[in-house]
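Colleague: With the numbering used here as the guide, the letters of the sequence shown map in order to residues 1 to 276. Just so it is clear, CB atoms sit at the ideal spot from N, CA and C, and this is done for glycine as well.
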Amino acid sequence: MVALIRALADQGLTDVPGFEDPVVHRLLSPGWSAALSLLARRIRRMDAAARARVVAGLSAVPLRVRAIDVELERAVERGCRQVASLGAGLDTRAFRMKALSATHFFEIDHPATQTFKRRKAAELSPVVEQLTYVAVDFERDALSTRLRSSGHRPDEPTAWVWEGVVMYLSDEALRTTLRALADASAPGSVLLVNYMEPGGRRRLAFMRNLVTRLWSEPLVGLRRREVMRAEVERAGFRASSDTGAADWARQLGAPFASDNPAANLRLLVAERPGAG
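Written as structure tokens, this is what we have:
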């Protein structure tokens, strides 16, 4: 569903300036490709008011993607030459972000999901220096072990992208992963973690309906910003910023209403400090 929304946004069905994802449609299954064509036609046939409501309702995804892209580019500019996407799914950054051209990009995901992704991406050309797929069964495999065996260097700074995952994680799973990331992070590494705050029942209901109809995964990991910051810093990172969707919209020049379904989404940026 997230890839479908990105594909719709790439066709211009978004109010987020600068959003582009020109390869995501090539990763869709035949069924989702058909859904993309059908939905795009239907949205374009709507009257202006209805179309604006639908586009605003879908804005959570392109807003989140653009906000993370901006911070990821900053991390690379500051010296991160390794990028790792956790729970990568159909992430396309390794195929579209030219700012990552000098990086080693690691896509980390469950073997079943990654098999589909690799098959669909086989004809795409990465824009990164090196792309490595890291298959991890989080119930059985140690993340740090799988990273090392895949060529990740814990002595070099890494930009970690954790998008659209944390809201489904228990506290135990969150802490276990954060500890593994900290152990694999050289000083100067940057963590970009997207999460969701509780509250705003109508907005939250929209997000639940949008996502859990397709993935029956409960949103067990809604956390307030002070809680998320404490978890990240307890693991050994130092939070440098924590922004919400309204901030992203303002920075990107996108419209944003107070009842926007994305209003509870957050992006925490943290760094791994040096020993001193």
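#1: Taking 8 Å as the CB-CB limit, is T158 close to chain B?
#2: If we require 3 or more residues per run, which beta strand (DSSP E) segments fall completely within the region 154-202?
#3: On a Cα-Cα basis, can you pick out the residue from G87, S85, F19 and D15 that is closest to G57?
#4: Please confirm whether R238 and P273 have their CB atoms less than 8 Å apart.
#5: Are the beta-carbon atoms of L28 and A7 separated by less than 8 Å?
#6: If I follow the unbroken alpha helix (DSSP H) through F138, where does it start and stop?
#7: Please list the terminal residues of the continuous beta strand (DSSP E) segment that includes D242.
#8: What are the uninterrupted segments assigned as alpha helix (DSSP H) that are 4 or more residues long and contained completely in the region 50-138, given in chain order?
#9: Can you find the residues in the same chain that come closer than 6 Å, C-beta to C-beta, to M207, ignoring five residues on each side of it along the sequence?
#10: Determine the DSSP secondary structure at V220, reduced to helix, strand or coil.
#11: Assuming E231 is part of the alpha helix (DSSP H), what are its boundary residues?
#12: With C-beta atoms as the reference, is A270 less than 8 Å away from F256?
#13: Report buried or exposed for T158, applying the criterion of at least 16 other Cβ atoms within 10 angstroms of its Cβ.
#14: Give a yes or no on contact between the region 90-97 and the region 122-132, applying the rule of three or more CB pairs nearer than 8 Å.
#15: Specify the secondary structure class of L265 as computed by DSSP and reduced to three states.
#16: Identify the continuous alpha helix (DSSP H) that holds G31 and give its terminal residues.
#17: Can you name, in chain order, every residue of its own chain whose Cβ lies under 6 Å from the Cβ of E71, other than the five neighbours on each side?
#18: Within a Cβ cutoff of 6 Å, which residues of the same chain sit near R201, ignoring the five residues on either side of it in sequence?
#19: Count the other C-beta atoms from every protein chain shown that fall within 10 angstroms of the C-beta of Q251, then say buried if there are 16 or more, exposed otherwise.
#20: In terms of DSSP beta bridges, what is A270 paired with?
#21: Looking at the unbroken alpha helix (DSSP H) that takes in D21, where does it start and where does it end?
#22: Just reading off the alpha helix (DSSP H) that D10 is part of, what are its end residues?
#23: By how many angstroms is the C-alpha of D247 removed from the C-alpha of S189?
#24: Report yes if the CB atom of W32 is closer than 8 Å to the CB atom of L86, and no otherwise.
#25: Do you know offhand how far L204's Cα is from R223's?
#26: Just tell me which of R64, R41 and A99 has its CA closest to the CA of A75.
Modeller: In brief:
#1: Structure shown: chain B not included; a single protein chain is present.
#2: 158-162 and 190-196
#3: D15
#4: yes
#5: yes
#6: DSSP places F138 outside any alpha helix (DSSP H), giving it a letter other than H or E.
#7: R238 to G244
#8: 60-77, 93-96 and 111-121
#9: With a pLDDT of 46 at M207, under the threshold of 50, the modelled position of this residue cannot be trusted; read the value that follows with caution. Excluding five sequence positions before and after M207, the CB atoms of its chain that fall closer than 6 Å to its own CB belong to P261, given in chain order.
#10: Here V220 sits in coil by DSSP.
#11: R225 to R234
#12: no
#13: So T158 ends up on the buried side.
#14: Between the region 90-97 and the region 122-132, the count of C-beta pairs closer than 8 Å reaches three or more; the two stretches touch.
#15: strand
#16: G31 -> alpha helix (DSSP H) spans P30 to R45.
#17: L192 and V269
#18: Reliability of the predicted coordinates at R201 is poor, the pLDDT of 46 falling under 50, and the value obtained from them is presented with this limitation in mind. Excluding residues within five positions, none has a Cβ falling inside 6 Å.
#19: exposed
#20: Under DSSP, A270 shares a beta bridge with L191 and A239.
#21: D21 -> no alpha helix (DSSP H), and no H or E assigned at all.
#22: V2 to D10
#23: A direct Cα-to-Cα measurement between S189 and D247 gives close to 24 Å.
#24: no
#25: Here the model assigns L204 a pLDDT of 48, short of 50, so the residue's position is not dependable and the matter cannot be decided.
#26: Here the closest residue by C-alpha is A99.
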